[in-house]
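Student:
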Amino acid sequence: MPVLKDKELRIVGFLCNWCSYGGADTAGVARATQPTDLRIIRVPCSGRVDPLFIIKALFEGADGVLVSGCHPRDCHYSVGNYYARRRLEVVKQFLPVLGIDPRRFEYTWVSASEGQRWQQVVTDFTSQIHELGPAPRLEDAEPLLKLADMALSSLHALGTNRNAPLAELKEAIKAKLPELDCVIGWQQGYDQAHATPLFMTTPEDVDKLTWGPLNVMNPAVFLPQFKGKKVGIVVKGCDSRSVVELLQEKLINREDVVIFSMPCEGTLDMGRVNSVLGRYTRIDDIKYDDAAVTITADGKEHRFCMTEFAQGKCYSCVTPGAVIADTRLGQPVPVQPGSVTPPELAMLDAMTLEQRLGFWKGQMDRCLRCYACRNACPMCVCRDFCISDSRNPHWMNQGESPKDKLFFQTIHALHLAGRCTGCGECQRACPVGIPILALRQQIARAIGQLFDDYKSGMDQNAIPPLLTYAPEEKNIHEREWK
Ligand code: FES
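Numbering (the working numbering), first residue to last: 105 to 586.
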């Protein structure tokens, strides 16, 4: 029987079979009056609730989602709800960056004997959703197409690395080359102003190696393909975090990889550089000073100052030096203390929920669905079995609407929760320049805040926070809801 006067809203509830579903049953048998907005989906355990269930429900028109399981320590599979708690809290903290009010999603614990508590929970949650009203739909949002100016403040000085000991690096690689099948680095691309991957197998190849702010690509993306072979890799600080994460997940073997590193002073955002260069037929010259790269194209000089044209990730980089290396060249640089909110995320932080919804609608309208973001990601390793291509289960259609495309981006970001090292390859590879790294950055920020400042890709022996649990979570206070 409805107890709330307003029109019914759509609320989806995922209830564990053993406790909360029983609790709802107990409330029903006791004829406890409850709102009728909730549609219940029974799951074996709260640990079965994939974050995608929640996002899918919210994208498909639910005004609220409630997950309820057994109380901690009472899970019938011992620890399902401990794992669920971590995942669900991350989802809750992720929703605002999409423009969804986090109060539209709650999770709680109700046992089979707690009919009265169930009545309270469902009544309180339904009232909360009624207070919020029907959820704004992505389809109805006003698209926000223009990117707001990003506030660019850097954690450390950015530069062009022009004094890096490249000759020494080449010597070190040549000395190791006979023991290796290949060494991955960078070389000049189709012109002097662009770099491309280099696979070195001979000393002549090593002579082509380049180092500097044009080396934007992350070579770690190729490492899993070389599993079982002896391979060397030249890394920047951010690339080294991807190597650590691959080691952590046992996607590569430490004894098969030789890591060469030099400190990095920042890399250029080639999207912005290319838009300034415009159409040109030839690069006449490229010069480096301490603070900027000057490119002369078709006789016209363009100066790209690193403090203005670096990739967004470089402003908040905590690892200008590699976190792991066998051969280090240049001055060692420690991990940077403190933190700066990356510019893409700061831009979204400054928006209202409504503006963020419009922002993603506008950005996803431009998405080509080319999957370059996925293919460039070093941690996106189940590519052949990607959920976006799967027909069983058929989570995603191949629709062209902003909602379909944002759902894919959301899945990608959630699959990288606690794994993304913030290398920015997804955003760099995007041919239309959508700042999708912000979704991963929001999750990384939530993970850091919840789990003792955890940063992925820093320690190859660390257990990623979503692959473990604590019976009492220091920073998760789910019992405080209502
Ligand atoms: Fe209920 Fe695991 S069985 S939460």
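Yeah, the Cβ is synthetic: ideal placement off N, Cα and C, and Gly gets one too. Remember, it's a predicted structure, so these values are computed and weren't measured experimentally.
Pick out whichever of I337, P328 and D373 has its Cα sitting closest to the Cα of Q352.
Tutor: Taking the first residue of the sequence shown as position 1, residue 352 is located at position 248. That would be P328, whose Cα lies nearest to the Cα of Q352.
Student: For the ligand FES, I want to know if G184 counts as a neighbour, meaning its beta carbon is within less than 6 Å of at least one of the ligand's heavy atoms.
Tutor: Here residue 184 is taken as the residue at index 80 of the sequence shown, counted from 1. Answer for G184: yes, Cβ within range of the ligand FES.
Student: Pop quiz: H175 and W213 are said to be a contact at Cβ under 8 Å. What is the actual Cβ separation, rounded to whole angstroms?
Tutor: Here residue 175 is taken as the residue at index 71 of the sequence shown, counted from 1. Here residue 213 is taken as the residue at index 109 of the sequence shown, counted from 1. Indeed, because the Cβ distance is near 4 Å, the residues count as touching under 8 Å.
Student: Please tell me whether, using a cut-off of 6 Å, the distance from the CB of W122 to the nearest non-hydrogen atom of the ligand FES is below it.
Tutor: As a working mapping, residue 122 is identified with position 18 in the sequence shown. Checking every heavy atom of the ligand FES against the Cβ of W122, one is found closer than 6 Å.
Student: For L372, which of helix, strand or coil comes out of DSSP?
Tutor: For the purposes of this step, residue 372 is taken as the residue at position 268 of the sequence shown. In this structure, L372 counts as strand in the three-state DSSP scheme.
Student: Quick check on the DSSP output: the alpha helix (DSSP H) that includes D508 runs from which residue to which?
Tutor: As a first step, residue 508 is located in the sequence shown; it is residue number 404 there, counting from the start. It spans P506 to H519 - the alpha helix (DSSP H) in which D508 sits, taken as one unbroken run.
Student: Under 8 Å Cβ to Cβ from F512, same chain only, skipping five residues before and after it: list those, please.
Tutor: For the purposes of this step, residue 512 is taken as residue 408 along the sequence shown, with counting starting at 1. The residues are R473, S492 and M500.
Student: What is the DSSP secondary structure of C418, counted as helix, strand or coil?
Tutor: The residue you call residue 418 lines up with position 314 of the sequence shown. It is helical.
Student: Tell me whether H581 sits in a helix, a strand or coil according to DSSP, three-state version.
Tutor: Taking the first residue of the sequence shown as 1, we reach residue 581 at position 477. Of the three classes helix, strand and coil, the one that applies to H581 here is coil, per DSSP.
Student: Could you give the DSSP three-state label for W591: helix, strand or coil?
Tutor: Residue 591 falls outside the range modelled here, since the chain spans only 105 to 586, and no answer is possible.
Student: Excluding sequence positions up to five away, which residues of its chain have a Cβ less than 6 Å from the Cβ of L318?
Tutor: Residue mapping note: residue 318 aligns to position 214 of the sequence shown, counting from 1. Cβ neighbours of L318 beyond the five flanking positions: A299.
Student: Could you tell me if Q467 is buried or exposed, where buried requires 16 or more neighbouring beta carbons within 10 angstroms of its beta carbon?
Tutor: One-based indexing of the sequence shown puts residue 467 at position 363. Q467 is buried by the Cβ-count criterion.
Student: Can you look up E590 in the DSSP assignment and give me helix, strand or coil?
Tutor: There is no way to answer for residue 590, as the model of the chain reaches only from 105 to 586.
Student: Decide if the segment 215 to 230 is in contact with the segment 127 to 143; the criterion is three or more beta carbon pairs, one per stretch, under 8 Å apart.
Tutor: Result yes; three or more Cβ-Cβ pairs closer than 8 Å.
Student: State yes or no: is the C-beta of Y187 nearer than 6 Å to some heavy atom of the ligand FES?
Tutor: Locating residue 187 in the sequence shown gives position 83, where the first residue counts as 1. The answer is no for Y187.
Student: Does the beta-carbon of S217, which I'm using as the reference point, lie nearer than 6 Å to any heavy atom of the ligand FES?
Tutor: Here residue 217 is taken as the residue at index 113 of the sequence shown, counted from 1. Result no, Cβ not under 6 Å from the ligand FES.
Student: Answer yes or no: the CB of C286 versus the heavy atoms of the ligand FES, is any distance below 6 Å?
Tutor: In the sequence shown, the residue the question calls residue 286 occupies position 182. Flag unset: Cβ of C286 not near the ligand FES.
Student: Do P569 and Y558 have their C-beta atoms closer together than 7 Å?
Tutor: Taking the sequence shown and counting its residues from 1, one reaches residue 569 at position 465. Taking the sequence shown and counting its residues from 1, one reaches residue 558 at position 454. Contact flag set, yes.
Student: Can you list, in chain order, the residues of its chain with a C-beta nearer than 6 Å to that of S258? Leave out the 5 residues immediately preceding and following it.
Tutor: Locating residue 258 in the sequence shown gives position 154, counting from the first residue. Around S258: Y419.
Student: If distances are taken between C-alpha atoms only, which option among T227, G237 and G425 comes closest to D167?
Tutor: Taking the first residue of the sequence shown as 1, we reach residue 167 at position 63. For the residues T227, G237 and G425, the minimum Cα distance to D167 belongs to G237.
Student: Thinking C-alpha only, which one of E458, N185 and F364 is nearest I428?
Tutor: Position 324 of the sequence shown holds residue 428. Comparing Cα positions, the closest option is F364.
Student: Restricting to runs no shorter than 3 residues, where is the beta strand (DSSP E) found entirely within the segment 197 to 225?
Tutor: As far as the segment 197 to 225 is concerned, its whole beta strand (DSSP E) runs of at least 3 residues are 209 to 213.
Student: Pull up the distance between the alpha-carbon of L256 and that of S560, whole angstroms please.
Tutor: Walking along the sequence shown from the start, residue 256 turns up at place 152. Walking along the sequence shown from the start, residue 560 turns up at place 456. So the alpha carbons of these two residues sit roughly 24 Å apart.
Student: How should F57 be labelled, buried or exposed, when 16 other C-beta atoms within 10 angstroms of its C-beta is the threshold for buried?
Tutor: The shown model of the chain, from 105 to 586, leaves out residue 57, and the question about it has no answer.
Student: Between the beta-carbon of C486 and the beta-carbon of C530, is there less than 7 Å?
Tutor: Position 382 of the sequence shown, counted from the start, is the residue given in the question as residue 486. Position 426 of the sequence shown, counted from the start, is the residue given in the question as residue 530. Not a contact, by the Cβ cut-off of 7 Å.
Student: For P539 and K404, I'd like the C-alpha separation in whole angstroms.
Tutor: Locating residue 539 in the sequence shown gives position 435, where the first residue counts as 1. Locating residue 404 in the sequence shown gives position 300, where the first residue counts as 1. About 29 Å.
Student: Classify E243 as helix, strand or coil using the three-state DSSP reduction.
Tutor: The residue labelled residue 243 in the question sits at position 139 within the sequence shown. Correct three-state label for E243: helix.
Student: Taking 7 Å as the cut-off, decide whether the C-beta atoms of A268 and M410 are in contact.
Tutor: On the sequence shown, residue 268 is found 164 positions in, with the first residue counted as 1. On the sequence shown, residue 410 is found 306 positions in, with the first residue counted as 1. Contact: no.
Student: For D205, I'd like the list of residues in its chain whose CB is within less than 7 Å of its CB, leaving aside the five on either flank, ordered along the chain.
Tutor: Working through the sequence shown from its first residue, we reach residue 205 at position 101. Excluding sequence neighbours, D205 sits near L236 and L457.
Student: Since F303 sits in a beta bridge, which residues does DSSP pair it with?
Tutor: Along the sequence shown, read from residue 1 onward, the residue named residue 303 stands at position 199. Partner(s): I288.
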